[in-house]
Each structure stands twice: as structure tokens, then as C-alpha cells.
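Protein chains in written order, with this note's numbering: chain L, 1 to 561; chain F, 1001 to 1156.
Beta carbons: idealized from backbone N, C-alpha and C, even for Gly.
Remember, it's a predicted structure, so these values are computed and weren't measured experimentally.
Below is one structure; the comments refer to it alone.
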Amino acid sequence: MYRYDEYDQQIVDERVAQFRDQTRRFLAGELSEDEFRPLRLMNGLYLQRHAPMLRVAIPYGLLSAGQLRMLAEVADKYDKGYAHFSTRQNIQYNWPRLESVPDLLADLATVQMHAIQTSGNCIRNVTSDHFAGIAADEIEDPRPYCEIIRQWSTLHPEFSYLPRKFKIAVSGAENDRAAVQVHDIGLYLVRDDGGAVGFKVIVGGGLGRTPYIGTCIRPFLEKQHLLSYLEAILRIYNRFGRRDNIYKARLKILLNAMGAERFAEQVEAEWQCIRDSALRLEPAAIERMRSHFTMPDYAADAAADRTCDQAIAESKDFSNWYQRNVKPHKVSGYRAVYLSLKHPAIAPGDATSEQMRMIADLAEQYSLGEIRVTHDQNLLLAHVRQADLYPLWQVLKQQGLATANIGLLTDMICCPGLDYCSLANAGSIPIAKQINQRFDDLDYLHDIGEIQIKMSGCMNACGHHHVGHIGILGVNKKGEEFYQLTLGGSANQQASLGERLGPAIAREKVAETIADILQVYVEQREAEEPFLATYQRIGMAPFKARVYAAGAGTAREAAIR
Amino acid sequence: MEDQWQLIAGDGHDQRLPATDIIVPFAWWREQPAVLEEHPGKVAVYLNPDDEVALLAPLLADFPMIALNFPQFKDGRVYSQARMLRERYHYKGELRAVGEVLRDQLFYMQRCGFDAFQISADKDSRGAISGLDDFSLAYQAAADDSLPVYRAGRLL
Chain L
1 MYRYDEYDQQ IVDERVAQFR DQTRRFLAGE LSEDEFRPLR LMNGLYLQRH APMLRVAIPY
61 GLLSAGQLRM LAEVADKYDK GYAHFSTRQN IQYNWPRLES VPDLLADLAT VQMHAIQTSG
121 NCIRNVTSDH FAGIAADEIE DPRPYCEIIR QWSTLHPEFS YLPRKFKIAV SGAENDRAAV
181 QVHDIGLYLV RDDGGAVGFK VIVGGGLGRT PYIGTCIRPF LEKQHLLSYL EAILRIYNRF
241 GRRDNIYKAR LKILLNAMGA ERFAEQVEAE WQCIRDSALR LEPAAIERMR SHFTMPDYAA
301 DAAADRTCDQ AIAESKDFSN WYQRNVKPHK VSGYRAVYLS LKHPAIAPGD ATSEQMRMIA
361 DLAEQYSLGE IRVTHDQNLL LAHVRQADLY PLWQVLKQQG LATANIGLLT DMICCPGLDY
421 CSLANAGSIP IAKQINQRFD DLDYLHDIGE IQIKMSGCMN ACGHHHVGHI GILGVNKKGE
481 EFYQLTLGGS ANQQASLGER LGPAIAREKV AETIADILQV YVEQREAEEP FLATYQRIGM
541 APFKARVYAA GAGTAREAAI R
Chain F
1001 MEDQWQLIAG DGHDQRLPAT DIIVPFAWWR EQPAVLEEHP GKVAVYLNPD DEVALLAPLL
1061 ADFPMIALNF PQFKDGRVYS QARMLRERYH YKGELRAVGE VLRDQLFYMQ RCGFDAFQIS
1121 ADKDSRGAIS GLDDFSLAYQ AAADDSLPVY RAGRLL
């Protein structure tokens, strides 16, 4: 993985010093709340309901064991011994005191971490595929480009006061595991007809109040032009994006108002002026960055192991976990192992400091000292020898990290909701709990198979509900919490936005309503057909009919009309 | 630091101009340059964030200085205007930041090509100037430096 050199370290250290002084001036009354707000947000710090929330960047989801240990230490020293992994591969602390944040950041800087641009109207942490570098369907490893983008966008003098936040994701694989098309800029590494690798550029995706799937404005961009093209897009957005209404300020709104064709023309014209500037990436520069992400030394005899097959045959528990949580690796004899942060008793995405330390140890013992954060709020050990799977599973089980539910119903994406977030209209963690209680039969979950539930406690859509196979949006009507369900969303390469099922559902009926929806699926599915495919084939009507049928088992009368 | 320039706010109409050097809105200057021709002092212009920089480009030599106005410190359009003036239109004269000009944005302003800063009147301007030194290096090329650290033999 990428390691800081003296320059990276100096920039992060200087940002800590700058923020320390900004915090001091705010506390001394020299900076007003309005003046301080964008400065602290650009350093990931929110002031809200219970205490500040600090979001720490995990660039493209990659962590070393040492970094994870520091995240655990920070959780103990400045917080309440746990933290929350977010849908953008970051980590959030919910209780640090403003006065202590500069010290917290100084601690993070000792392990090459920071909170730069994890919030605010600037270019946010670039996200990517958690299978980068190990996936068989990969055209090229996206991580070197992520790091190039990270450096270019860090403390960018022109693009730190954009109309609104700006998110970039990069995927190098045929299957999109990074929700690329719902980002302001989504980049796919693709091959052109001649076999050269470059970028397909998609812009204007985003969730929130007005969800959009992005539009391709350039099917193939040569690698050397990556930064100049990004800069052209950002400049057009910075100059012409709306600043009069924060709900209409994202790139997606500008794109929609201008029309994709005109937007693309403007970008093209701007790009022609800067494409041969200092932003051009020379091949040697790209190679140099790629050398930070080389293949590790894998054991040549890893595939010779027979113990794994034996354990699968002997233990149903292990076999279940293996089927669900262990994924292929492009090197024979190796696997990628999901650590599920979706234990039924825990808020989705949360981990304790004890778990983090244990995971850091396991990563060193079994996975080349590296941990990855996935955008669906789990962790991944990406380089595990198959011979190590059984002993690894035994430890994970003790730590509550072996719930065999990856990709299943209870592997929900969930925002912090009303319990922690000042923006939320409704709880999301209690609904996750309700769903976990209702669907506690693992055999049933396996039978239902691949299904993504995504849940947000307000229309800002941090829980990506628009792109859940089943999306759940918390709304507040006259002081009561209701939940708006959508069906058929997807964030993969065939991205789609979910459609509304009908009137919002009363809080206590959410899990029962999901049970009704699943019943329709079970009745109507063909052979191995997953939920999303059945929905696409039969449409909304049968689901709607079941859920809102007069006199049906669940109390639809509680639904608002 | 005090200097002789006085900023004329609003659209300039019906205003009695002070007999000093003045900075007037670009839109007003375009509308009625005749009034300004009689002005005893020097005349410079300032752009608002929604003014098109390209319109000023052919006239750069006409002004002793150009100012860009930050109606709010959060208005990021001004940074693009500054870079375009410097990098696209090769403006070499004084480029002054006016309006809500605060310490914590000075580093970025300098990087985008500003070389004069009229710090907001209610702030300690001497203290604010130290904001120019918040960082001693930068990742990306900008108006102040087309050879940032990583181009000088590191990344690019």
C-alpha cells in the first residue's frame, strides 16, 4: 500500500498545526461560528446532537494493521471505545470533545492518517473497489489512480470552496463494487478497441433528495489526461454550480439544468486549454505510483492445502461462513475474507476498540498486515491462505465478527440515524435491530439469498436507500416516525434507482412489511433467480398488492395516506 | 497596511467619487467609462464572482491593478477567476483580493494568483497575513507554482 514520504507527512503535520490554531482562535472568540464552520467541516468535524462527530479518512478503504491499532487507541482515548465505519470507507467517532480534536489529529498523523476533506464543500475522500488488486475481473488496479487523485485533490487551492460536496469513485473491474455511478465523478478503467487502458468518465451521479444515476460524458480518456480532465470538470462546476440553494448545488443539478451534452462541451472546451499543462501524467509518473501497489509475495504452494476442504466437510457452521463470507482471490490458494460488522446485536458498521485490535493482529498473522473497509460497512482481509481459513474463523467467531451474512438480508447498510445524527428525521439503528430480530433464522436468510437492504434516517441518503434492492427511508410526520420503502434500486454497473412501494409504513411494521415482500419473491422466483431479478421481471404491482391489501396481516391501517 | 485605493461599492451610479484612486465595479466601468475618464485619480476595476473573466481579458493592459471581490469568503468562484486571469490570460499586474478576505483563506488565494489582500476591516490584518505561511509546500500546480513538489522529481 501507499506509504507517505517526507512531503506527505509534512503536509499532514502542517494541517494539524493549522487546525490547532484555528480551533484555538475559535475558542478564543477570534473566529465566529460562521467562519469556523467550513474550516472544521473541511477537517471532518461536525458539531451536533450529543457531541462533535469526527470523520477520519481511510483513503480508498485501505488500512495497515498499525493504522487500525491507532484507530482503536483513538476510540479509547478520545471516545467511548468504539467507532463506526461509513459507506464511504471512512470511520466516524461520535464523542470527541472539540478541545481534544487537535491532539487526536496529531496522534493520527503519526500513522499517516488525517481527517482532511472528509466533510465540507470540497473534494471528499476518493473511494474504490475493496477487491482492488485481487479481483479476477479486474482490468487494472484502480488504487494508483486513487492515490494520484487523493494527492491532487488534497488542499486544492481552487476547489476548496465548491458549491457543495464533491465525491469521486474509481473502479478497475468489470463488476462495480464501488457504487461508481452514484458519485459526482465516477471513473471506470476500461480498454479501448486497440487494447489500451483508460477511463470511462461518468458525471453527475448522486443520492440525497434528488437522486441521479451518473451520465457518461467521455467513453474513453487516456490515462495521461486524468488530472487535467478532472480539473476541467471541477472548474466548470465551481464556476457555474448553483450557490443560492444547498439542495440544488450538487453537480447533478447543474448537469441536469445544462443538459449533459452542453456540460460535456464546456468541459471539453476548458480541458483543451489545460490538457497540456503541468497536470499531464507522464507514463513514468504512473509507473512510479503503481510501484506502491505491487502484488505481494504469495506462497507458491498455498493451493496444495487440503485442510480447508476437510473443515468444510466436517463443520456446517464453518461451511456456512465459508459460503457467505469468503470470496475468491485471483491467486490460487488465497481467499478474501469478509469480517461482518453486521452482528445482530450491534449497530451496522460499528466496531469496538477490542475488535479493532484483534483484527489488526489477525491481519498481521493472516493477511499481510492489511485491512480494507468496504462501502457496505464491513471489513475485508484480502490475502488469506486457504489453510488459514479455519483457524481465522475460530477467532472471528469469538469476536462476533463471523456472522455468516455477507450479501444477505441482514447485511444492511445503515446510517447512524436519529440516535447520533442531527440531520436525521427518524431512527435507523432501531429498525436494523427490528429486522435482525424478525429474521434471525439463518437458513431462511440463505434461502432468500443475495439481497441488499439500505436504510437512511433522512433524505440526505447517507444509507444509500435509493440504490438498495429494498430501500428504507425514515420520514417524520407530525412527530411520528414512518418509513418509506422503495424496491429495485442497485448501485452496480447496471445502476438503478428504487421505485416507491406506496405510502410510508409505521415504525413497528417495517420488518413485517419486508416479510410480505419476501413472501411474494419466494412465490414468484424462478430457479436461482435473486430478488432483484425477480423484481425486474415481475415489476412493482405484485409487491404493492400484497403489502397494501385490505385486511392483510400487517397493520396497513397504520400507514399514512 | 493603508494604501490610496478606495473601493466603490454597488453599481457606482449617483455616487460622489472621492478624489483618490478608485476601484470600481467592472460592469459599471463598461457601462460608462466617460465619467471615469475625468476622474483625477487612477481607476482600477473589480470583478464580482458572476462576472465573466474573458470580457476583461482583452483590457488587462488598461488597468493599473485588478481586484476580485469575495462577497462572502465561501464564494469559491473567485479562485477560478484568479487562476484564469493569471494562467489563461497571463495577467502580470497586481491582483487584489477584496471583500470578505480572511486569514484562513489567504494561503489558497496566494496559490491562485493573488498578490495583494485587503483584509476585512474588523480583523487584525497583521495577524491575518501569517495565514500565507500555513503550508510550506503543496501537491498540485496552481498559479503560483507550476512545479509543485511531486512534479519536481517525485510523482510527475
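*Cα-Cα separation between Q323 of chain L and C308 of chain L, rounded to whole angstroms*: 12 Å
*Where does S340 of chain L sit, in a helix, a strand or coil, going by DSSP?*
coil
*Could you tell me how far apart the beta carbons of Q1110 of chain F and L1132 of chain F are, in whole angstroms, since I believe they sit closer than 8 Å?*
6 Å
*Inter-residue CB distance, P344 of chain L and A249 of chain L (contact presumed, cutoff 8 Å)*: About 39 Å separates the two Cβ atoms, so there is no contact after all.
_So, at 7 Å on beta carbons, what are the nonlocal neighbours of S160 of chain L in its own chain, with the 5 sequence-adjacent residues on each side left out?_
M42, C122
*Cβ of Y1079 of chain F within 8 Å of any chain L Cβ*: yes
*Taking Cβ positions, are V384 of chain L and Y338 of chain L nearer each other than 8 Å?*
no
_For a contact defined as C-beta to C-beta under 7 Å, what are the partners of Q266 of chain L on chain F?_
Neighbours of Q266 of chain L on chain F: none; closest Cβ ~13 Å, over 7 Å.
_S277 of chain L burial status per 10 Å Cβ neighbour count (16 or more: buried)_ = exposed
*Simplified DSSP state of T215 of chain L, which is helix, strand or coil*: strand
*Which residues in chain L sit within 9 Å of D1075 of chain F, going by Cβ to Cβ distance?*
Y161, R243
*Going along chain F, which residues have a C-beta under 9 Å from E564 of chain L?*
Chain L is shown from 1 up to 561; residue 564 of chain L falls before or after that span and cannot be answered.
_List, in chain order, every chain F residue whose beta-carbon is nearer than 8 Å to that of T410 of chain L._
The premise fails here: T410 of chain L is roughly 42 Å from chain F at the closest Cβ pair, so nothing lies under 8 Å.
*Provide the residue(s) that pair with L45 of chain L in DSSP beta bridges, ordered along the chain.*
L:L54
*Could you check the C-alpha separation between R143 of chain L and V170 of chain L for me, to the nearest Å?*
8 Å
*Might you give, ordered along the chain, the residues of its own chain that have their beta carbon closer than 7 Å to the beta carbon of L518 of chain L, omitting 5 neighbours on each side?*
I448
_Between which residues of its own chain and Q10 of chain L is the CB-CB distance below 7 Å, once the five residues before and five after are set aside?_
none
*asked:* My output table needs one value for V126 of chain L: the three-state DSSP class, helix, strand or coil.
replied: coil
_Limits of the beta strand (DSSP E) - the one that L568 of chain L falls within_ = Absent from the structure is residue 568 of chain L, since the part of chain L shown begins at 1 and ends at 561.
*In the region 429 to 498 of chain L, which residue ranges form an unbroken beta strand (DSSP E) of at least 3 residues, counting only runs that do not cross its ends?*
453 to 456, 470 to 477, 480 to 487
_C-beta neighbour in chain F for C273 of chain L, strict 8 Å_ = yes
*Kindly list the residues whose CB is nearer than 6 Å to the CB of E138 of chain L, restricted to its own chain and excluding five residues on each side of it in sequence; keep chain order.*
G172, A173
*Taking only beta-carbon positions, decide if S581 of chain L is within less than 8 Å of chain F.*
Nothing about residue 581 of chain L can be reported from this structure: the residues present for chain L run from 1 to 561 only.
*For N320 of chain L, name the three-state secondary structure that DSSP assigns.*
helix
*Return the chain-ordered list of same chain residues with a C-beta closer than 7 Å to the C-beta of G66 of chain L, the five sequence neighbours on each side being excluded.*
V111
*Just checking my contact of L497 of chain L with F543 of chain L at CB under 8 Å: how many whole Å lie between their CB atoms?*
Contact flag wrong, Cβ pair sits at about 16 Å.
_Please return the same chain residues whose Cβ sits closer than 7 Å to the Cβ of G489 of chain L, not counting the five positions on each side in sequence._
H466, V467, G468, H469, G471, S496, L497, G498
_Along the region 1099 to 1126 of chain F, where does the CB come closer than 7 Å to a CB of chain L? Name the residues._
L1102, D1104, Y1108, R1111, C1112
*When DSSP labels each residue in this structure, what does G1127 of chain F get in the three-state scheme?*
helix
*Residue of F:L1055, F:W1028, F:L1059, F:R1016 minimising C-alpha distance to P1040 of chain F*: F:R1016
_Based on DSSP bridge pairs, tell me the residues matched to R239 of chain L._
Beta-bridge pairing links R239 of chain L to no other residue.
*asked:* Looking at chain L, is there any beta carbon in it that lies within less than 8 Å of the beta carbon of Q1015 of chain F?
replied: no
*Beta-carbon separation of I413 of chain L and Q377 of chain L under 8 Å?*
yes
*From which residue to which residue does the alpha helix (DSSP H) around Y390 of chain L run?*
389 to 398
_V203 of chain L and I185 of chain L - do their beta-carbons sit closer together than 8 Å?_
yes
*By the 10 Å Cβ neighbour count, where 16 or more other Cβ atoms means buried, how is P1018 of chain F classified, buried or exposed?*
exposed
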